[in-house]
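The structure appears below as structure tokens.
Residue numbers (my numbering): 45 to 211.
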């Protein structure tokens with residue numbers, strides 16, 4: 045059965061047949077249409093475990109970044125095993141690994157009047173630029189990735205807020 049209605053661009057008809065589908069929500073729970081789960085939040089974590097869930101997701105993503113450095117083709121050379129070990133120790137302490145490109149670090153260097161050459165950038169000069177921009181408490185360590193960008197160990201929060209590099 046169809047219902048007529050008038051809109052901005054003339055009259056139309058729409059079907060009154062409602063189709064429902066069954067499936068999985070974000071947390072892999074079986075759902076029925078129109079039913080909301082009260083025990084889980086948007087991310088799928090139970091409300092009392094949201095902080096833990098975020099911590100575990102940060103650790104998983106950081107370890108995944110480290111693991112990706114050991115696989116595949118490397119254009120710029122791989123980080124050493126000592127570097128990977130140091131970074132994994134930082135992750136175990138609660139830090140997060142984020143990546144940023146050399147061109148992005150170059151932009152931040154210009155904003156802070158720091159010397160940074162995009163072509164011959166080293167992790168030490170990158171760390172100097174990033175600590176000038178974001179502070180010593182936020183930036184922990186820097187290393188080159190196999191693709192030429194930088195892996196940066198950061199604290200998960202900065203000034204009480206979740207820290208992500210602004211792009």
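Every residue gets a Cβ at the ideal spot worked out from N, C-alpha and C, and that includes glycine. Note that the structure is a prediction, hence the values are computed from the model and not measured.
So, with DSSP's three-state summary, where would you put residue 148?
helix
By DSSP, does residue 122 sit in helix, in strand, or in coil?
coil
Which value, in whole angstroms, describes the spacing of the CA atoms of residue 94 and residue 88?
9 Å
Under 8 Å by Cβ, that's how I've got residue 144 and residue 194 pegged, so tell me the actual separation to the nearest angstrom.
6 Å
Is the separation between the beta-carbon of residue 185 and that of residue 156 shorter than 9 Å?
no
Given a cut-off of 9 Å on the beta-carbon distance, is the pair residue 198 and residue 178 in contact?
yes
Using 8 Å as the Cβ pair cut-off and three pairs as the minimum, do the region 168-175 and the region 123-134 touch?
no
Look at the alpha carbon of residue 163 and the alpha carbon of residue 153, and state the distance between them as a whole number of angstroms.
14 Å
Starting from the C-beta of residue 147, find all residues in its chain whose C-beta is less than 7 Å away, skip the five residues before and the five after it, and write them out in chain order.
162
Do residue 140 and residue 106 have their CB atoms nearer than 9 Å?
yes
Taking the C-alpha atoms as reference points, what is the distance between residue 115 and residue 123?
12 Å
Suppose you measure from the CA of residue 97 to the CA of residue 151; what does that come to, to the nearest Å?
34 Å
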